[in-house]
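Chemist: I am attaching a structure below and will ask some questions about it afterwards.
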Amino acid sequence: MNFINDIIDGLRSGSIYALIALAFSLGANICGIINFVNGEIFMISIYIIAFCYGLKIPLILSVIISMIICALFNVTIEKYIYRPFYKHPKITGLIVSIGMAFLIQNIFVLFFSSDPINIGNTISGQFKFGALEIEYTVLISILIAFSLMIATYGILKYTKIGKIIRAVCENYESTTLMGIDADKIISLVFAICAVLLVCSGCLFYLSFPIANPYIGTMIGLRALAASIIGGLGLIQGSILTCVSGAVISGFLIGIIETVVKSYISVQLSDVVIFAFLAIFLLVNHKKYK
Amino acid sequence: MEKKFFSFKIFFFVVALYVVLLSAISFGLINSYWAGILNITLINIILVVSLNLATGFLGQLTLAHSGFMAIGAYASIAVTKFLSMKGYFEFPLALICAGLLSMTLAFFISIPAMKIAGNHLVIITLAVNEIIRNLIINLNIGNGSSGLRGIAHYSNFTIVFVITILIIAVIYLLLNSKYGLAIVCIPQNEMLAKSCSINTFYYKLAAFSLTAFFAGIAGGLYAHEITVIEPNMFDYSYSLELLAMVIIGGLGSIEGSIISAIVLTILPYLFSFAFDLRIIIYLAGMIAVMMYMPNGLFSQYKTFISNLTSMLKEKKLLNLKR
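These protein sequence lines are chains B and D, in that order. Numbering (our numbering) for the first sequence: 11 to 299. Numbering (our numbering) for the second sequence: 230 to 551.
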């Protein structure tokens, strides 16, 4: 029974990783830059939701406020910082995004200090299923992660805007020749990324009691590992395979983390995840760019 | 064009600099606090120049530099703790051991890692850095996360200065040799380099291992300079600080790296309010440099000076013999 409980706990943190990995995949596919700022936006959204909770604003409203602020922030960063680097080699864009992420983290440490903040959980309780005790937050997390994945997949595959996004992913210059404002589409995708990140921040807020400015980088790196295992940077991969792969490997990473935490050591979980990523990449290095 | 491998001008400049700094320290013009900062500046020069070898010249962006430094630091401490000999005898041995250990590890990491190009290499090296730091904490090497205290203070000014100059000279000579030309042409066009029968994989391995060797030596010097170390000092934000120094100095410019390491290390100590802000300043500077001056802030000082003199000549403010 313990093992099954661990897996259920893993699905809860896995849903958080899955949504961030989804944002990583979307951003990297649309403009070729692995956007490390995703992790920081996740952290900012938790801070905004916790601040709104302090003002006694209802959760749904605070999530919407957080979505608006984070989307504006992400689009601004894309427009003024990443856009000059689209024509450079991709590695420069990556350096800039890592720099931006740590810049935001350090500014947060400067203003809010590195002490963790307590966030009050608003949903509690659990239901019994035989000998299993499943918390409501687990169920909500899995439902939200899967429904957002299916929604993103559906939008990308079946709607017109999704078709345009896929076209921009395949070839930026041809789409501009077809009369599509590709820059606006990139901004739109970054806004969608921010919305996904705020959703995952909300799940974190519901499940875990404390947050500090460093969780953005830590959770962001694990989610990045998930998105790479899910197919980010595959030579033959498309945005659709990335989207489904990112979510599934996000859950996988979550399960690995909790199992390692409960059976081996708490701090070795990061080592195991990164070693898994490294071995995975080394085995499959011919399939990746 | 024939390149000079030994220039008397530079040699005399280095010797004069050494004599001036050493006499200033021994006569008390530079107090012990600033002498320590001087040593740390020299160690940072080693780190930044060696990182520039991997990042600027080889074109392989690595964020595992502080991890290799941590390995060097712990290895050198192990040697100096267990060998109880005189400092002048065991310290060079410890440094060589430190360098060799981190070089061996970098070699085994880079055999598979160099097959992965570009974006994923950055993430792999970041992961390697985290793995090294977490393993030091978890396997309880050197008291784990609480760190080691009371390390012998062996890094005096002379030894740090000599090692720094030696490493810069080795990197300079390497880059001007035929092996260096092979290294420099890899990032520009790897396919073309391969077609010219340059074994790019071999050169990547060699340069990456050499980088880690210098990082290990710098780690040993660093541990015996500050005498208190803990594994959390070597996290990836330190790697990122070094990367920011490389980029601000200019990718692929040794002079730029030296100047930026000096300026950016001493600057936070000059202004006390800047010490907490230093990572923010470095990163903001790095992003600004990448956006507006991709060749780096200090690598272009020669063209800047020549532009200035030609402008002054045109305005006939400067009377120079034609």
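Where a beta carbon is used, it is the ideal one built from N, C-alpha and C, also for glycine. Bear in mind the structure is a predicted one, so any value in this text is a computation, not a measurement.
State the beta-bridge partners of B:Lys138 as determined by DSSP.
Modeler: Answer is B:Glu143, bridged to B:Lys138.
Chemist: Check each candidate in B:Gly109, B:Ala33, B:Gly37, B:Thr86 and name the one with the smallest Cα separation from D:Met188.
Modeler: The question about residue 188 of chain D has no answer, for chain D in this structure spans 230 to 551.
Chemist: In or out: B:Arg232 buried (at least 16 other Cβ within 10 Å) or exposed?
Modeler: The residue in question, B:Arg232, is buried, as its Cβ has 16 or more Cβ neighbours within 10 Å.
Chemist: At a CB-CB cut-off below 7 Å, which residues of chain B make contact with D:Ala513?
Modeler: What D:Ala513 touches in chain B: Leu113.
Chemist: Could you tell me whether the Cβ of B:Gly243 comes closer than 8 Å to any Cβ of chain D?
Modeler: B:Gly243 counts as touching chain D.
Chemist: Would you verify that the beta carbon of B:Phe284 is, or is not, closer than 8 Å to some beta carbon of chain D?
Modeler: So, interface residue.
Chemist: Pull the bridge partners of D:Ala356 from the DSSP assignment, please.
Modeler: According to DSSP, which records beta bridges pairwise, D:Ala356 is partnered with nothing at all.
Chemist: Is the CB of D:Val248 under 8 Å away from at least one CB in chain B?
Modeler: Judged by the 8 Å Cβ criterion, D:Val248 is not in contact with chain B.
Chemist: Apart from the five residues on each side of it in sequence, which residues of its chain come closer than 8 Å, Cβ to Cβ, to D:Ser236?
Modeler: Result list for D:Ser236: empty, nothing under 8 Å.
Chemist: Does any residue of chain B bring its CB to less than 8 Å from the CB of D:Arg551?
Modeler: Note that D:Arg551 scores 42 on pLDDT, short of 50, meaning its location in the model is unreliable and no value can be drawn from it.
Chemist: Since B:His295 and D:Lys310 are thought to touch, with beta carbons under 8 Å apart, how far apart are those beta carbons, to the nearest angstrom?
Modeler: In fact, because the Cβ distance is near 40 Å, the residues do not count as touching under 8 Å.
Chemist: Give me the chain D residues within the contact set of B:Val281, using Cβ-Cβ distance strictly less than 7 Å, ordered along the chain.
Modeler: Those within 7 Å of B:Val281 in chain D are Ile360, Asn363, Leu364.
Chemist: Which chain D residues are close to B:Pro94, counting only those with a beta carbon under 8 Å from its beta carbon?
Modeler: Here the neighbours are Met520.
Chemist: Quick one: what's got a C-beta closer than 7 Å to B:Leu104's C-beta in the same chain, skipping five residues either side?
Modeler: Here the set comprises Ile43, Ile44.
Chemist: Select from the stretch 488–509 of chain D all residues with a C-beta closer than 9 Å to any C-beta belonging to chain B, and list them in chain order.
Modeler: Result list: Asp505, Leu506, Ile508, Ile509.
Chemist: Are the C-beta of B:Ala31 and some C-beta of chain D separated by less than 8 Å?
Modeler: By this cut-off, B:Ala31 is not an interface position.
Chemist: In terms of residues, what are the limits of the alpha helix (DSSP H) holding D:His294?
Modeler: Its alpha helix (DSSP H) spans residues 294–311.
Chemist: Could you list which residues in chain D have their beta carbon closer than 9 Å to that of B:Leu120, in chain order?
Modeler: What B:Leu120 touches in chain D: Asp505, Leu506, Ile509.
Chemist: Identify every residue that forms a DSSP beta bridge with B:Ile67.
Modeler: DSSP lists no partner for B:Ile67.
Chemist: Indicate whether the contact test is met: 3 or more Cβ pairs, each with one atom in the stretch 265–275 of chain B and one in the stretch 42–62 of chain B, closer than 8 Å.
Modeler: Cβ pair count under 8 Å is below three, so no.
Chemist: If we ignore side chains and look at the alpha-carbon of each, how far apart do D:Tyr467 and B:Ala141 end up?
Modeler: Distance between the alpha carbons of D:Tyr467 and B:Ala141 is about 48 Å.
Chemist: So B:Tyr182 contacts chain D; which residues on that side make the cut at Cβ distance below 9 Å?
Modeler: Within chain D, no residue comes near B:Tyr182; the closest Cβ sits about 18 Å away, beyond 9 Å.
Chemist: Would D:Leu287 pass as an interface residue toward chain B - the criterion being a Cβ-Cβ separation below 8 Å?
Modeler: Not an interface residue.
Chemist: Along chain B, which residues have their Cβ under 7 Å away from the Cβ of D:Ala356?
Modeler: By Cβ distance, chain B contributes Phe284, Leu287, Ala288.
Chemist: Compile a chain-ordered list of the residues in the stretch 325–346 of chain D whose CB is closer than 8 Å to at least one CB of chain B.
Modeler: Residues Pro341, Ala342, Lys344, Ile345, Ala346.
Chemist: Mind checking which residues open and close the alpha helix (DSSP H) that includes D:Thr270?
Modeler: Looking at the DSSP string, the run of the alpha helix (DSSP H) that includes D:Thr270 is 261–281.
Chemist: Run the CB neighbour count on D:Asp505, radius 10 Å, all protein chains shown included, and call it buried at 16 or more, exposed below.
Modeler: Result: exposed.
Chemist: D:Ile415: which of D:Phe442, D:Gln289, D:Ile483 sits nearest, CA to CA?
Modeler: The shortest C-alpha separation from D:Ile415 is found at D:Gln289.
Chemist: Can you confirm whether B:Val85, when its beta carbon is compared against all beta carbons of chain D, has any partner nearer than 8 Å?
Modeler: It does not: the Cβ of B:Val85 has no partner Cβ on chain D nearer than 8 Å.
Chemist: Determine the direct distance from the alpha carbon of B:Ser76 to that of D:Ile365, and round the result to whole angstroms.
Modeler: In a straight line, the C-alpha of D:Ile365 is about 39 Å away from that of B:Ser76.
Chemist: How would you list, in chain order, the residues of chain B whose beta-carbon sits under 8 Å from the beta-carbon of D:Ile476?
Modeler: Correct list: Ile105.
Chemist: Mind pulling the chain B residues with CB within less than 8 Å of D:Asn552?
Modeler: Since the displayed chain D opens at 230 and closes at 551, residue 552 of chain D lies outside it and no answer follows.
Chemist: Pairing CB atoms from the stretch 462–479 of chain D with CB atoms from the stretch 355–364 of chain D, are three or more of them under 8 Å?
Modeler: Segments in contact, yes.
Chemist: Count the CB pairs spanning the stretch 473–483 of chain D and the stretch 272–281 of chain D that are closer than 8 Å, and state whether there are at least three.
Modeler: Yes, since at least three Cβ pairs between the stretch 473–483 of chain D and the stretch 272–281 of chain D fall closer than 8 Å, the two stretches touch.
Chemist: Run through the stretch 183–270 of chain B for me and flag every whole alpha helix (DSSP H) of 4 or more residues, listed as ranges in chain order.
Modeler: Qualifying alpha helix (DSSP H) stretches, in chain order: 192–217, 225–239.
Chemist: So which residues on chain D does B:Gly226 lean against when the C-beta distance must stay under 7 Å?
Modeler: Ordered by position in chain D, no residue passes the 7 Å Cβ test against B:Gly226, which lies about 13 Å from the chain.
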